[in-house]
Amino acid sequence: MSGEPTTGLSEHVPADSSRKRKRHSPARDLWELTKPGVTRMCALTAAGAAWLALQSDDAPFPAETPADGWCSPGFAAGFAGVVGASLAVAAASAFNMWLERARDPLMARTKDRPLAARRLSSATGLGFAAALLLGSIVTLALFTNPLTLLLTLWATVGYVLVYTPLKYRTPLALLIGAFPGAAPPLLGWTAVTGRLDLGGLALFLILLVWQMPHFLAIMLFRRQEYARAGIRCVSVVRGESAARVQAFLWSIVLLPISVLPSVIGLTGPLYCAVALLLSLGFLGWACTGLVAFGDRASELRWARRFFFASLIYLPALIVALVLDVVLR
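With full-length UniProt numbering applied, the sequence shown closes on residue 328, and no number is skipped along the way.
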């Protein structure tokens, strides 16, 4: 339940005034409070995990045919789990923007957020976040199981009340925040199975470890903005070289973690081969960050490219996982 996409809106453009009003409508601003890009990615990982759980031996209601699967109790619980998890992610994002409404104007990428720009009132933002969280709780309580509800509440509280304030105090906030950030696939899995097991935990670990180099890359090319906002991230506190070293080390950890689904029998050789190739390529790119660049422009260019590599890595891994299961 992490990540902070932003929008950039130009000011004083008379010819586009009607479009500007439309983009700044209250409905649009409420939508932006949910960090749609982050919520969409979390919904995707939760849905992938729920679908994978339905195909596994851990599913309590295995379907005999594809037609049965769409109507099975397991599918209904998985769908509710994805909806509930997505609402919780949206709520956590809105709570995060509410808590950071005074600091967001200090950063170029966050200064145009609805609460930072004062297009929405503080009370509106807080009430909207609370409504989203209530919707998540009701959905999960009625249609999934107590474990999924408890894990969702743990992830939401951890992101909002632990990670958000800690990132202004210690670089360890990144690792702490990665745990609730990795919750969506685990929630999708437990919504179907009703228990913690190796399949769900393997998917959780992949997302947890992937987040580390992903966000370290952001912290490298946004270092000055983070420093101005008072965020105590690795690149600000310990330096850019330390951030690149940490990104490399976490990429090493990602290599064995990425093949866990095949090790435990959840996926087969196709996924294992693709995961190894992707992880080796990602590790190789991280390794290039350890060389002496010689100029600031090259350092920023590497950080941005490494960030985009991380954005390609995760969807590619999900596609490989789905293909492996379908073809088997």
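We put the beta carbon where it would ideally sit given N, CA and C, even for glycine. All values reported here derive from a predicted model rather than from experimental measurement.
Smallest Cα separation from residue i: which of the options?
{"i": "I257", "options": "W189, A243, L280 and Y226", "result": "L280"}
{"i": "A275", "options": "L151, K35 and L323", "result": "L323"}
{"i": "P184", "options": "P146, A50, F308 and L174", "result": "A50"}
{"i": "L142", "options": "L198, A229 and G81", "result": "G81"}
{"i": "W189", "options": "L134, L255, T148 and H24", "result": "T148"}
{"i": "C42", "options": "G84, A53, I137 and D29", "result": "G84"}
{"i": "M107", "options": "T193, S121, A227 and W154", "result": "A227"}
{"i": "V294", "options": "S241, P315, E225 and L327", "result": "In the sequence as displayed, the identity of residue 294 is Gly instead of Val. Here the closest residue by C-alpha is S241."}
{"i": "D112", "options": "R28, A292, I318 and S251", "result": "R28"}
{"i": "A77", "options": "V38, G194 and P26", "result": "G194"}
{"i": "L207", "options": "G48, P26, W31 and P36", "result": "G48"}
{"i": "L283", "options": "F307, A292 and N145", "result": "F307"}
{"i": "H24", "options": "A182, G239, A46 and R118", "result": "R118"}
{"i": "T267", "options": "A202, V138 and L140", "result": "A202"}
{"i": "P73", "options": "C287, N145 and A217", "result": "N145"}
{"i": "A217", "options": "L205, L327, G239 and L196", "result": "G239"}
{"i": "L317", "options": "V192, L186, P261 and A123", "result": "P261"}
{"i": "W154", "options": "R222, L187 and G135", "result": "L187"}
Sorted by chain position, which residues of the same chain lie with C-beta nearer than 7 Å to residue i's C-beta, five sequence neighbours on each side aside?
{"i": "A116", "result": "R101, D104, P105 and T110"}
{"i": "A92", "result": "M1, T156, Y159 and V160"}
{"i": "F79", "result": "none"}
{"i": "Y163", "result": "A173, I176, G177 and P180"}
Output yes if chain B places a C-beta closer than 8 Å to the C-beta of residue i; else output no.
{"i": "V83", "result": "Absent from the structure is chain B; it holds one protein chain and no more."}
Closer than 8 Å by C-beta to residue i: which residues in its own chain qualify, once you throw out the five before and the five after it? Chain order, please.
{"i": "G125", "result": "L33, A94, M97, W98, R101, P114 and L115"}
{"i": "L290", "result": "R244, V245 and F248"}
{"i": "G132", "result": "Reading the sequence as shown, one finds Leu at residue 132 and not Gly. Hits under 8 Å: T34, L87, A88, A90, A91 and A94."}
{"i": "T65", "result": "Any reading at T65 must be qualified, since the residue scores a pLDDT of 41, below 50, and its modelled position is unreliable; the value itself is stated next. Answer for T65: no residue qualifies."}
{"i": "I264", "result": "L198, G199 and A202"}
{"i": "S298", "result": "none"}
{"i": "L255", "result": "L276, S279, L280 and L283"}
Here's a check: name, in chain order, each residue in its chain whose Cβ is nearer than 6 Å to the Cβ of residue i, leaving out the five neighbours to either side.
{"i": "V253", "result": "V209"}
{"i": "L311", "result": "none"}
{"i": "A320", "result": "Y271 and V274"}
{"i": "G230", "result": "Y168"}
{"i": "L120", "result": "D29 and P114"}
{"i": "K22", "result": "Low per-residue confidence applies at K22: pLDDT is 46, beneath 50, and the placement is therefore not dependable enough to give any value."}
{"i": "D40", "result": "Per the sequence presented here, residue 40 reads as Arg, with Asp not at that position. Excluding positions up to five away in sequence, the list is empty."}
{"i": "S251", "result": "P213, F282, L283 and A286"}
{"i": "V325", "result": "Q55"}
{"i": "A182", "result": "F204, L207 and L208"}
{"i": "T139", "result": "A80, V83 and G84"}
Would you say the beta carbon of residue i is closer than 7 Å to some non-hydrogen atom of the ligand FMN?
{"i": "L99", "result": "With respect to the ligand FMN, the structure offers nothing, as it holds no ligand at all."}
(message) Contact between the segment 212 to 229 and the segment 241 to 254 is defined here as three or more beta-carbon pairs at a separation below 8 Å; is this criterion met?
(response) Yes, the segment 212 to 229 touches the segment 241 to 254.
(request) Check whether the segment 258 to 277 touches the segment 222 to 238, taking contact to mean three or more Cβ pairs, one atom from each stretch, closer than 8 Å. (result) Cβ pair count under 8 Å is below three, so no.
(message) Check whether the segment 164 to 182 and the segment 128 to 144 touch, using three or more Cβ-Cβ pairs below 8 Å as the test.
(response) Contact fails: fewer than three Cβ-Cβ distances are below 8 Å.
(request) Please specify which runs of the alpha helix (DSSP H), each continuous and at least 4 residues long, are wholly inside the segment 32 to 114, giving them in chain order. (result) Along the length of the segment 32 to 114, whole alpha helix (DSSP H) runs at least 4 residues long occupy 36 to 55, 66 to 71 and 73 to 99, reported in chain order.
(message) I'd like the ranges of any alpha helix (DSSP H) spanning at least 4 consecutive residues and lying wholly in the segment 250 to 327.
(response) Residue ranges of uninterrupted alpha helix (DSSP H) with 4 or more members, entirely inside the segment 250 to 327 and ordered along the chain, are 260 to 263, 269 to 288 and 296 to 327.
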